[in-house]
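So in UniProt numbering, spot 159 of the sequence shown is number 159, and the numbers just go up one at a time.
First the structure, in the form of structure tokens, and then the observations on it.
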Amino acid sequence: ISCGMSRAASMTVMKRSMSTESSPSNVVDVTVQNFQTVFAEKVTFVIACYMPGDQISTAVVSRLESAIKSYPSLKLARVDVEANRELIDAFRLEVVPTVLVFSNQRVSDKITGDMSPEKVNELLSKLAGAQTKVSVLERIKMGNEMYSKGEFVGALEVYKDVLQQEEEGSEN
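As structure tokens, this is what we get:
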């Protein structure tokens, strides 16, 4: 697997940002032990295969974590390939970071390398649009819950997304 390795402070930052305490409910860490159980769920997963010491990997995972909060119908599965080397073969990884889309019990898309925030949002919007839309009221409630928990950035993203979808809907 190829990547730009720079291990210093990013390792600590990544471990802190990936603690399950601060993770939204639609983010899960995948290991060799829980692999079968996690992917038995019948939802669309965005699988982020990363190396904790790689700056590009940590940036992509961070962008996905921030953006996925706005898409409750999707799940983000984080896979630390250093700690779970057996999954490298299972996912046929050649480059890290790699983002896989897992839908209907199979990998349906594969993106390697860096992903800009725009590309992340484009991917998630496309995937969420392919699923049953969450009602505007449900999304606003979700934003309110995030706001009440102090997750202001996530709440703002939900509200922006609702407004954007409403504007696009009124143009048609």
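Backbone N, C-alpha and C define an ideal beta-carbon position, used for all residues, glycine too.
This one's a predicted model, so the numbers in the text were calculated from it and none came from an experiment.
Using the Cα positions of residue i and residue j, report the straight-line distance between them to the nearest angstrom.
i           : j           : result
residue 123 : residue 58  : 18 Å
residue 109 : residue 85  : 21 Å
residue 148 : residue 136 : 18 Å
residue 114 : residue 50  : 11 Å
residue 60  : residue 119 : 10 Å
residue 155 : residue 146 : 5 Å
residue 111 : residue 93  : 11 Å
residue 33  : residue 53  : 22 Å
Skipping 5 residues on each side, what residues in its chain have a beta carbon closer than 6 Å to that of residue i?
i           : result
residue 161 : 70
residue 159 : 143
residue 35  : none
residue 117 : 63
Is the beta carbon of residue i less than 8 Å from the beta carbon of residue j?
i           : j          : result
residue 27  : residue 76 : yes
residue 43  : residue 78 : no
residue 107 : residue 96 : no
Give every residue of the same chain whose Cβ lies closer than 8 Å to the Cβ of residue i, excluding the five residues on either side of it in the sequence, and list them in chain order.
i           : result
residue 153 : 66
residue 167 : none
Take residue i as the anchor and find which of the options has the nearest alpha-carbon.
i           : options              : result
residue 129 : 78, 165, 107 and 111 : 165
residue 127 : 104, 74 and 113      : 74
residue 45  : 62, 150, 60 and 102  : 102
residue 64  : 157, 167 and 104     : 157
residue 47  : 140, 120, 121 and 98 : 98
residue 40  : 145, 121 and 104     : 104
Return the chain-ordered list of same chain residues with a C-beta closer than 7 Å to the C-beta of residue i, the five sequence neighbours on each side being excluded.
i           : result
residue 141 : none
Could you tell me which uninterrupted beta strand (DSSP E) segments, each at least 3 residues in length, are contained entirely in the UniProt domain "Thioredoxin" (27-124), listed from first to last along the chain?
27-30, 44-50, 74-80, 98-103 and 106-112
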